[in-house]
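Numbering (the working numbering), first residue to last: 1 to 484. Structure record follows, encoded as structure tokens.
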Amino acid sequence: MKRGVKGGIIKLLSRGEILDIHLSAIEVLEEKGVKSKSKKILEIFRNCGAEVDFDTGYVRIPQHLVEGALRKSPSKVILHGRSEQYSILLENARVYFGFGGTPTPYIRDLETGGIRRPTKKDFAEATRLGDALPNMDFIMSIAGVFDVPPESEYLHEFEAMFNNTVKPIVYSAPSAYLARRVMEMAAIVLGGFYELRRKPILALYSETVSPLTFAQENEAMIEFANENIPIVLGPVPMAGATAPITVGGATVVAVAEALAAITLIQSVKPGVPVIYSGCAALMDQRTGRFSYGAPEFALGNIVLAQMAQYYGLPCFGWGGCSDSKVPDAQAGAEVMMNTLVSAFSGINLIHDFGYLAGGSIGSMEMAVIGDEVAGIVKRILKGVRIDDESLAVDLIKNIGPEGQFMSQKHTLKFLRREVYTPTLFDRKPESLWLSEGGRDIAVIAREKAKKILKEHVVEPLPEDIRKSLSDFVKKCEKELINNK
Numbered sequence: 001m002k003r004g005v006k007g008g009i010i011k012l013l014s015r016g017e018i019l020d021i022h023l024s025a026i027e028v029l030e031e032k033g034v035k036s037k038s039k040k041i042l043e044i045f046r047n048c049g050a051e052v053d054f055d056t057g058y059v060r061i062p063q064h065l066v067e068g069a070l071r072k073s074p075s076k077v078i079l080h081g082r083s084e085q086y087s088i089l090l091e092n093a094r095v096y097f098g099f100g101g102t103p104t105p106y107i108r109d110l111e112t113g114g115i116r117r118p119t120k121k122d123f124a125e126a127t128r129l130g131d132a133l134p135n136m137d138f139i140m141s142i143a144g145v146f147d148v149p150p151e152s153e154y155l156h157e158f159e160a161m162f163n164n165t166v167k168p169i170v171y172s173a174p175s176a177y178l179a180r181r182v183m184e185m186a187a188i189v190l191g192g193f194y195e196l197r198r199k200p201i202l203a204l205y206s207e208t209v210s211p212l213t214f215a216q217e218n219e220a221m222i223e224f225a226n227e228n229i230p231i232v233l234g235p236v237p238m239a240g241a242t243a244p245i246t247v248g249g250a251t252v253v254a255v256a257e258a259l260a261a262i263t264l265i266q267s268v269k270p271g272v273p274v275i276y277s278g279c280a281a282l283m284d285q286r287t288g289r290f291s292y293g294a295p296e297f298a299l300g301n302i303v304l305a306q307m308a309q310y311y312g313l314p315c316f317g318w319g320g321c322s323d324s325k326v327p328d329a330q331a332g333a334e335v336m337m338n339t340l341v342s343a344f345s346g347i348n349l350i351h352d353f354g355y356l357a358g359g360s361i362g363s364m365e366m367a368v369i370g371d372e373v374a375g376i377v378k379r380i381l382k383g384v385r386i387d388d389e390s391l392a393v394d395l396i397k398n399i400g401p402e403g404q405f406m407s408q409k410h411t412l413k414f415l416r417r418e419v420y421t422p423t424l425f426d427r428k429p430e431s432l433w434l435s436e437g438g439r440d441i442a443v444i445a446r447e448k449a450k451k452i453l454k455e456h457v458v459e460p461l462p463e464d465i466r467k468s469l470s471d472f473v474k475k476c477e478k479e480l481i482n483n484k
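Have a look at this one:
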């Protein structure tokens, strides 16, 4: 099992400011509340003691219910891989990086560099790429699937994931029906629901609708909670659009939604593993688009981490993403900014590596670049070792002025331990770089992605399980299409 590297270096808010945000969110929940059209969700809130108006859909949640739900939520969560060596322990400020996010409508073609609709083959290849990248600790997606019936898209995506990675999976299932079917697929992979509950190889990612709304799709949380499978929250109110323009005001909306979701989940089954999230995002007022590269979004992730740490919960945030449409200098700068800030804040699950165009375009070459960024950030988080052996005073005195350290045993001993060696970023002399064609980083990353896809083999599922998954997806697809 992986234990991550420790973050939590950056702190923006004082204890008093954190409490101000918390109490502001509680005031919103008690006096205004959240809203839902889902009868299931409303009934669960009513049964746990919230004030529910079934005519308007409003739910007012008192402080004692919220704080009771927080006490029931585990402070440590394990996300299991199909191969146990890839399982990850979420606790304190231990940091992990994730390939992709939710499905994108477009993908950059690895051969042409053009933008097109992704297919199930693209989705499977992208998952296999994420499985191979050494610094990606969990798997989401950088592509949707547009060559299958839209009703069954998520089932095809999960089938491709189960077949193409042994790492933990975090992904969406935007209905109660799909959530149940996806868990049944995971049970097929593991050999039954008992094994799935004991060793969940997936976690549900579920976003509330800002401001302060639970959609019908959020019934998926109920299904996962009933089986005690981890749930990753995802409130992302956009400052200036679905939340106040200020980072503080947008954070209050995000925290209120997250606390309401935790109350809902713990009312279904106390002790369900919940990964906190709730980040103040920004809508660019000139374009109407969500901006991943905004510095305010980076600030929102710092605040997210501090709120999660205040609640004693593991958390999920953003990092490997950019507003740029191509793997260029802007993309690199924004990915490094977001990744450094989120990791230094101590966010446990940092996702979106391989995202371009604010999450509209998936890019395998950008995922490869992001993996290098993640490796660099992991090295920085490991810090500097200070002890007698690392200070090497006797060695320095022994070598003395005008000496050299290249041939020393100390150098050989600590070279791999101390020094991060990039596998993608270029440190060659310019003469060698020119002799090799003077290629830029995007070209090199594209070639590396192609090489990985040609060579990397995922530990396969047994053939009978692969067939069972395929047959199950076909059966559910017929049900969905017939019930349209």
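The beta-carbon is built from N, C-alpha and C at its ideal position, and this holds for glycine as well.
The beta carbon of PRO273 sits closer than 6 Å to the beta carbons of PRO74, VAL77, PRO230 from its chain, once the five residues preceding and following it are set aside; these are given in chain order. With a beta-carbon spacing of about 5 Å, VAL5 and VAL95 fall inside the 8 Å limit used to define contacts. Here DSSP, grouped into helix, strand and coil, assigns ARG60 to strand. Per DSSP, the unbroken alpha helix (DSSP H) holding ASP371 starts and ends at 364–382.
For VAL255, the uninterrupted alpha helix (DSSP H) run begins and ends at 247–268, by DSSP. Between VAL255 and ILE21, the gap from beta carbon to beta carbon is short of 8 Å. Three or more beta-carbon pairs separated by less than 8 Å are not found between the stretch 322–336 and the stretch 259–274, which leaves the two stretches without contact. C-alpha of MET307 to C-alpha of VAL170: approximately 22 Å in a straight line.
For CYS279, the secondary structure class from DSSP, reduced to helix, strand or coil, is coil. Beta-bridge partners assigned by DSSP to PHE99: ILE139, PHE353. Rounded to whole angstroms, SER38 and PRO314 show a C-alpha spacing of 28 Å. Beyond the five residues adjoining it in sequence on each side, ILE26 comes within less than 6 Å, by CB distance, of GLN63 in the same chain, given in chain order. Leaving aside the five residues that flank ALA225 on each side, the residues in its chain whose CB is nearer than 7 Å to its CB run, in chain order, ILE231, ILE265, VAL268, LYS269, VAL272. In this structure, GLY16 keeps its C-beta atom at 8 Å or more from the C-beta atom of SER345. The beta carbon of ALA69 sits closer than 6 Å to the beta carbons of ILE262, THR263, GLN266 from its chain, once the five residues preceding and following it are set aside; these are given in chain order. Contact between GLU84 and MET1 holds, with the beta-carbon distance rounding to 7 Å and staying under 8 Å. Straight across, the Cα-Cα distance linking HIS156 with LYS120 is about 7 Å. According to DSSP, residue pairing for LEU79 in a beta bridge involves ILE88. Here ASP53 is bridged, per DSSP, to TYR58. For the alpha helix (DSSP H) assignment, the uninterrupted runs of no fewer than 4 residues enclosed by the stretch 107–157 are, from N- to C-terminal side, 120–132.
Non-local beta-carbon contacts of LYS199 in its own chain, meaning distances under 6 Å to residues more than five positions away in sequence, involve HIS80 in chain order.
A straight line joining the alpha-carbon of VAL373 with that of THR339 spans about 8 Å. Non-local C-beta neighbours of SER468 in its own chain, meaning closer than 6 Å and more than five positions away in sequence, comprise ILE188, ordered along the chain. In the structure shown, LEU434 falls within a helical segment according to DSSP collapsed to helix, strand and coil. For TYR177, the secondary structure class from DSSP, reduced to helix, strand or coil, is helix.
A Cβ-Cβ separation of about 7 Å places ASP131 in contact with ILE139 under the 8 Å criterion.
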